[in-house]
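Numbering (my numbering), first residue to last: 59 to 471.
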């Protein structure tokens, strides 16, 4: 169990440092009234080529990333990234209220419904939550609700009682089996818990809530170092469930802070607090966020792909981490009661959005994406300095949260 005996003192010091960073950052400006409008127009234009390509074919395609030759890599429904493009269309419908996007969102979402029955997969929160979850939020379609509940039940089959966690990867084949890992749990898995909480409160089995809490508690205990930096992978014993070790697969080293992993953790524990209202998760989300903010490059808001990568400043930046954290911090700023902390997190998120919305991160008109300069898997030399679909998803999500937080389109939580 994490002990927060000196947490408030440490958090206060970090917040002062972060506040000074925000105030002194020369790139920080107050967004204009047209900030959201201009970004919506840009997103609308960028999506048109993708939509025309998908609509011209016989199959429902899910764009994932731009390849080096400029072409688009598409995935099927079983890929962990399949829900992001339908989710983007739902968000664009929310921003524009254009029924053209509503019909497309329904179509692209229905194409991945079979994901609800996957039990060899742990990424159902991404796949179903981002697509059907947003669809239900905006339409209250009962069919969508049933898909989400079924997906939550499918995910629950991966719960391992001895350890109290949801197993991420199977280790019976492929590179996972070669690592000698018995029961690996990656920090990304925290992003599944929002779907479990929702399903448990909207007609699903209460055990889904208990599984989510157990996973959050065990992950908080074992996936993090004392300073709040997270391991990408926590490995557990399959017999008695004891924690074996913390390692990495996508970060620079076992002991380093992989930027997107820290982003998943910040977002994940913010959602856990929303789902439980247990303040220990709120304090933990703040601790993770404060560490992330304190490690950002000076006067910049987009991190290097790993905070401890050896060749900084000649390492690739990761826009995906910045987009995820911007969305998480806007949520966090609304959940905490301390006005000073809330303003710091909101200001930091705004600075991240503004930086992402400018050169060099904004994609040019020749690319059918919103943002460039993300890193998918540096050790595997995959999607390095690329445009990636989940970066765009969390970017548009953050824009929506920003719009709501500024009372331009207020909706209750």
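Beta carbons: idealized from backbone N, C-alpha and C, even for Gly.
- Residue span of the alpha helix (DSSP H) that contains residue 119, given as start and end: Careful: residue 119 lies outside any alpha helix (DSSP H) and carries neither H nor E.
- Spatial neighbours of residue 433 within its chain, please: CB distance less than 6 angstroms, with the 5 preceding and 5 following residues excluded, ordered by chain position. 363, 374, 376, 442
- Item | The beta strand (DSSP E) enclosing residue 432, as first and last residue numbers | 432–435
- How many Å lie between residue 446 and residue 229 at the Cα? 27 angstroms
- Task: Assuming residue 305 contacts residue 294 (C-beta within less than 8 angstroms), just tell me the rounded distance between them.
- Result: That pair is no contact at about 12 angstroms.
- Task: Name the two residues that bound the continuous beta strand (DSSP E) containing residue 131.
- Result: 130–133
- Message: Using CA atoms only, rank isn't needed, just tell me which of 331, 386, 171 is closest to residue 351.
- Response: 386
- Assuming residue 403 and residue 391 make a contact with CB atoms under 8 angstroms, what is their CB distance in whole Å? 4 angstroms
- Backbone secondary structure at residue 295 - three-state DSSP: coil
- Task: Tell me, please, which residues DSSP counts as bridged to residue 362.
- Result: 375
- Starting from the N-terminal side, write out each stretch of the beta strand (DSSP E) that is 3 residues or longer and does not extend beyond the region 238–283. 241–244
- Simplified DSSP state of residue 305, which is helix, strand or coil: strand
- Message: To test your reading of the DSSP string, which unbroken beta strand (DSSP E) runs of 3 or more residues are found completely within the region 397–441?
- Response: 432–435
- Nonlocal neighbours in the same chain, by C-beta distance under 7 angstroms from residue 317, ignoring five residues either side: 361, 362, 363, 364, 365, 376, 379
- Three CB pairs or more closer than 8 angstroms across the region 96–105 and the region 141–153: yes
- Pick from 300, 355, 204 that is closest to residue 524, judged by C-alpha positions: Shown here, the chain extends from 59 to 471; a query on residue 524 therefore has no answer.
- Item | Identity of the residue in 218, 154, 160, 168 nearest residue 140 by Cα | 168
- Message: Rounded to the nearest angstrom, what separates residue 399 and residue 409 at their Cα positions?
- Response: 15 angstroms
- Message: Quick check: what's the CA-CA separation for residue 85 versus residue 323?
- Response: Any answer about residue 85 is weak, because its pLDDT of 43 lies below 50 and its placement is not dependable; what the coordinates show is given next. Using only the alpha carbons, I get a separation of about 27 angstroms.
- Query: Looking at the unbroken alpha helix (DSSP H) that takes in residue 447, where does it start and where does it end?
  - Reply: 447–463
- Message: On the DSSP letters alone, give me the boundaries of the alpha helix (DSSP H) that residue 147 sits inside.
- Response: 142–154
- Query: For residue 312, does the count of other Cβ atoms within 10 angstroms reach 16, so buried, or fall short, so exposed?
  - Reply: exposed
- Count the CB pairs spanning the region 328–342 and the region 253–271 that are closer than 8 angstroms, and state whether there are at least three. yes
- Item | residue 154 versus residue 298: straight-line alpha-carbon distance, rounded | 52 angstroms
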